[in-house]
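According to numbering that gives the first Met the number 0, the residues represented by the first sequence are 0 to 808, in order.
Backbone N, C-alpha and C fix where the C-beta goes; we use that ideal spot for every residue, glycine too.
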Amino acid sequence: MDFKSVEQKWRTYWSKEKLGVFNPKNTDKKYYCLEMFSYPSSSKLHLGHWYNYGPTDSFVRYKKMKGYEVFQPMGFDAFGLPAENYAIKTGIHPDDSTKQNIANMEQTLSEMGAMFDWTAEIKTCEEDYYKWTQWLFLKLYENGLAYRKNAPVNWCPNCKTVLANEQVVNGACERCNSTVIKKDLTQWFFKITEYAEELLTSLNGLDWPEKTKLMQKNWIGKSTGGEIEFTAESGDKFKVFTTRADTLFGVSYVVLAPEHPLVNKLTSKAQKKAVQAYIDETLKANEIDRLSTTREKTGVYIGHNAINPVNGKSVPIYISDYVLASYGTGAVMGVPAHDERDFDFATKYGLPINRVVKGVNNVNDDLPFCEDGIIVNSPEFDGLTSEEGRKAIINKLVQSGAGAYKTNYRLRDWLVSRQRYWGAPIPVIHCDKCGIVPVPYNDLPVKLPYDVEFTPDGESPLAKHEGFMNVKCPVCGGPAHRDPDTLDTFVCSSWYFLRYPDAHNSKMPFNPKVINKMLPVDKYVGGAEHACMHLLYARFITKALRDMGYLTFDEPFKSLVHQGIILGPDGLRMSKSKGNVIAPDPYVDKYGSDVLRLYLMFGFSYTEGGPWNDDGIKAIIKFLDRIERLAIKLKDMKANKNVQVEKDEKDLLYATNYAIKQVDKDMEVFSFNTTVARLMELLNALYKYDLLDNKNVKLFKNCFKTFIQLLAPCAPHFAEEIWEMLGGKPSIFNTEYPVCDESALVRDEVEVAVQINSKMKTRITISATLTEDEIKEVILADEKLAPELAGKSIKKMIIVPKRLINIIV
RNA sequence: GCGGAUAUGGCGGAAUUGGCAGACGCGCUAGACUUAGGAUCUAGUGGGAGACCGUGGGGGUUCAAGUCCCUUUAUCCGCACCA
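And the structure:
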C-alpha cells in the first residue's frame, strides 16, 4: 500500500467531513477528552508528543465509534522561559520564534492524523487568550485570593538577574558561574492554601491513579498539632508549630529559621558576627539540601534565650538552616530525646537531652525515641499516653493564652510573579498616591510590547521599557507605573481547559452556560511529572471560580491517565547531550504514521513507557501487510452457497467475539498493548480459517470486517482504506462499534488444571456444566491420576470453577 | 534527604486481582514454497537429560503468592522559577 497517498487521502477526507469538529447539538452525548497541550519548544514533535497524542487519539476514535460526541481540542502553552533565553542568545524575538514553532508543530500534528478539533485551538501567548488570564488574575485579586509579599528569588549578583531553579547549577549561575544568592523581592501570590483542606478531601472522589492522589496528598501535607508561644528574654514573643506537644517538657532549645524576622533583633552583640556569617551561608543553600536528614546539622546560638511557657524554663535560641521560614511559623522547638534531627543537633552542640516519653510493653525506647508512648518527667502529665498528653498540654496552654490547636499544611501559597518578558503581564498599576490599582477590565489586555531589548544584563525587558511602564493611574490620573512582572506560565495552563469549549468568546473567558455542560473533562491524559503542580493549580482555580459563581462543578478532571516515558535505546532518558534522541519523523516518512502509532501502542505498557527499540516496528509492518494480503484475497472471494456453521465456524465466531469483548475492555482502560495483541490473535484465527478448503465466505467476510472496525481506532488511515476496498462506506468512524455476541463465547467444555498437594499434575477437559460433586467423581475416575492417588487418602479438594482443582492428600 | 514508582525468558511485555507464570510480538530453530530471500506459510521455542527449578535478594502468611505481609538491593520520576 502506498501509505503516503493513502494517509493524505484520508486526512483530506476527514478534514472535509469535519470528522473531528465537535457538534454542540449533541452536547448531551459529549465526551471531553483532553491531552495536556504542548510547549512549542522546537519546531518538531518529539516521540513524547507522539506517545501522548497518538494512542489517546485512538481512544477518542474508539469513543466516537461507541456513539459519543467527542471533543478533543489541541493548543499551545506558548509562554515560557526557553523562548526568552533563545532570544537572548540569538536575537530572535520570542513572539517570532514561538509562532514559527507553533506553525511547524501544527503541520506535524496534522500528519499524525489525530482527530483534533482545530476550530477550538488555543495559543496562550495570543492577546485573546492572555487577556482572560489577566481577567482571572483580577478576579482572584478581587476575591482576596491574590496578594503581595516578600519572597526570595535566586539572584545572580554578576548578571544582576533573577534565575529559575533550572538555571542554577550546583549553586552557581549557569551563564557566568557566579555563586547564586537568595534575594527578597515583593511578589504576587495566589492563596491556594485557602483551599488546602478541600483540595485534600475531594481527592477521594476522583478517578485518578492512586499514586498521583497520594503524591498530591503528601504535597499538601496536612498535619495537626499546636502552636506554642515562647517568650524571649527581650519580651518578644514567637510561636513554634509542633505535632508533638506531648514532648514540650523535653525542650532543651529552640531554633529559628535564619530568615526569621526576630533574628536580627534578638542576636546579642557578641554573636552578631557569627550569626551574620551563618545567614550569608544559608542564602546560598537550596531547600532540598537544607531539608536533607542526613546532612550534618549546623546552627549558631544567637546569644539570647526564651522561656518555655509550660514550665518557665529558659532555653537557648539557635538559628539553623534545617528550619524553613516558609513552613509553619519558621521556628521549631528542639526536643533531642524524641526527634532525630534534634538529637543530632543537641549531640553536636552539647545541649541537654531530657527524656519525657517512655515506650510501652518493653519496646526498644532508646533515645532518640520518636514514637508515641507514656509521658514521664512532665509533672502533672506523667502517666498519660502521648495522644492524651498532646491534648492536655495544649489545653493548659490555651487557658494561659500561650498556645492553640493548629492544623498546618506543607502546601505553600503559589508564587506567580516572574521577572521576565515572555509571559502574561500582571494587570496591576502602582500609583504613589493610590497604591496598588488593578487595571480596569475594560482596559484588558495589558499588551506585551513587541519592541523590547533582550540582553542578559539584569532587569527584565519590560522594566526597561518606558512606554510600557509609564501610565496614568486609572483612579487619580496621576503618574504611575505598571507592574514589570509577568505571570508564571502555570497560571495560563491552570484554566485552559475552560477556554477550549468556548474558545472564540470575545466577551468573556468562557460562557458558564456552555462550559458547565461541557465540563468536567471526562478523560485527561498527560505526564505524571505534573502530579503536584499543574494538576493542583488547575483544581484550585476551578474551585476558586466555582466559589465566585462561574462554575457549577468542583473538579476539572474527572478521570486522569498518565502515559509513561519513552526512553532512548540505551534505556536512558533522551537528551541531546547523550545523543540518544530518537526522532519520530524518519519513521513516519518511511513507514507512515499508522505504523508509528501502532508500534507505540503495542510495544510499551502505556503508563510505563520504556526504551525505544526498532525491532518492534517490524512486527507492526508485518501485521499490517498480513491484513492487507488477506483483504485483497477476500475482496475477490465469491460468496458461495456454503452457509454451514460447524466447528470451524464456531471457532471463528468465538475468536471474533472474544476479540470484540477484550478490545472493548482494553481500550476503555488504555491497555493498548493488549488491545493490539487481541487484534493479532483474531488475525491469526482468520488466517487459520482461510486454510480451510470449504469456507463460509459470507461469515468469513463479516468477521474480517468486524476485525477492521476493531482495528480502525489504532490504525485509522489504513483501516479506512481497507474498509473502502471491501466496499464499506466511509468513514469507518461513523459506523457502529461491533457488539459482542455472548452466546458465541459459551463453551461446552472447559480445560481445568489438576493439582495434587498444590503441585501441577495434569489438565483435564470436562463439561462446563458439571456440579462440584460430579467434578469430584470425574477426577477420581481419571486414569492419569489413579497412580498418583493410589494408597493415599484425600483430605480435601479445592475446586475453583472453570480454572483449577487442588487435591490435598 | 523527602515523596512516588518500577524490577517477570535472549528482548518488548501479558497474567480475569490470591488460582495452570510467560498471552501477543521480536529473536532463534526446523520444515515448506521459491530462480532468489533479510519475502511468505507451517511447526517449535523459560531453564534442566532428569526428578525438578523458575517472577531482583532474604524471610513469612496460605491448600495455593509475580500478586498479600516484613526486610533488603538496584533503577527511574517529582521536589514549588523548566513546562
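On the three-state DSSP scale, how would you describe Asp-341?
helix
Lys-700 and Leu-599: beta carbons closer than 8 Å?
no
On a Cα-Cα basis, can you pick out the residue from Gly-249, Ala-77, Arg-409 and Asp-442 that is closest to Ser-40?
Ala-77
When you compare the CB positions of Leu-709 and Ile-631, do they come within less than 8 Å of one another, or not?
no
Taking just the CA atoms, how far does Met-104 sit from Ser-96?
12 Å
Tell me whether Ala-163 sits in a helix, a strand or coil according to DSSP, three-state version.
coil
Among Tyr-523, Gly-609 and Ser-592, whose alpha-carbon lies nearest the alpha-carbon of Ile-565?
Gly-609
Going by CA-CA distance only, name the one from Phe-75, Ile-91, Cys-172 and Ile-101 that's closest to Tyr-129.
Phe-75
What does the Cβ neighbour count give for Gly-434, buried or exposed, with the cut at 16 atoms within 10 Å?
exposed
Distance check for Ser-251 and Val-356, CA to CA, integer angstroms please.
15 Å
Is it true that the CB of Pro-257 sits closer than 8 Å to the CB of Asp-320?
yes
Distance CB(Asn-510)-CB(Asp-501) smaller than 8 Å
yes
Alpha carbons only, please: which of Leu-323, Tyr-300, Asn-307 and Gly-329 is nearest the one belonging to Ile-316?
Tyr-300
If you draw a straight line from the C-alpha of Gly-526 to the C-alpha of Gly-563, how long is it?
7 Å
Quick check on the DSSP output: what are the complete alpha helix (DSSP H) runs of length 4 or more inside the stretch 299-365, in order along the chain?
339-348
Is the Cβ-Cβ distance between Ser-416 and Asp-521 less than 8 Å?
no
Can you name the residues that DSSP bridges to Leu-486?
Ser-416
Any chance you could list the beta strand (DSSP E) runs of at least 3 consecutive residues sitting entirely within the stretch 141-195, in chain order?
145-155, 160-162 and 180-189
Pull up the distance between the alpha-carbon of Ser-385 and that of Cys-369, whole angstroms please.
11 Å
State yes or no: is the C-beta of Leu-213 within less than 8 Å of the C-beta of Phe-732?
no
Length of the line joining the Cα atoms of Val-865 and Asn-407
Because residue 865 is not part of the residues shown, which for the chain are 0 to 808, the question remains open.
How long is the line joining the alpha carbons of Tyr-420 and Ala-195, rounded to whole angstroms?
31 Å
How would you label Gln-99, buried or exposed, when you count the other beta carbons within 10 angstroms and need 16 or more for buried?
exposed
The beta strand (DSSP E) with Gln-215 in it runs from where to where?
Not the beta strand (DSSP E): Gln-215 falls in the alpha helix (DSSP H), residues 209-219.
Residue range of the alpha helix (DSSP H) that Glu-452 falls in?
Looking at the DSSP string, Glu-452 is not in any alpha helix (DSSP H), and its letter there is neither H nor E.
Looking only at its chain, what residues have a beta carbon closer than 7 Å to the beta carbon of Leu-544, apart from the 5 residues adjacent to it on each side?
Leu-550
For Cys-430, report the span of its alpha helix (DSSP H) as first-last.
Careful: Cys-430 lies outside any alpha helix (DSSP H), inside the beta strand (DSSP E) at 427-430.
Pairs of beta-carbons, one from the stretch 715-723 and one from the stretch 666-684, closer than 8 Å: are there three or more?
no
Please go through the same chain and pick out, in chain order, the residues whose beta-carbon is closer than 8 Å to the beta-carbon of Leu-414, but skip the five residues on each side of it.
Ala-150, Gln-186, Trp-187, Phe-188 and Asp-487
Taking the alpha-carbon of Ser-792 as reference, which of Val-20, Asp-740 and Ile-807 has the nearest alpha-carbon?
Ile-807
Exposed unless 16 or more other CB atoms sit within 10 angstroms - verdict on Tyr-816:
Here the chain comprises residues numbered 0 to 808, so residue 816 is not present and cannot be evaluated.
Please report the straight-line C-alpha distance between Cys-713 and Met-111, rounded to a whole angstrom.
12 Å
With distances taken Cα to Cα, identify the nearest neighbour of Asp-450 among Pro-460, Pro-444 and Leu-443.
Pro-460
Euclidean distance between Cα positions of Leu-518 and Ile-540
14 Å
Can you name the start and end residues of the beta strand (DSSP E) that Lys-29 belongs to?
29-34
CB contact flag (Asn-778, Ile-804, <8 Å)
Inspection of the sequence shows that residue 778 is occupied by Ile rather than by Asn. Yes, the pair counts as a contact, with Cβ atoms nearer than the cut-off.
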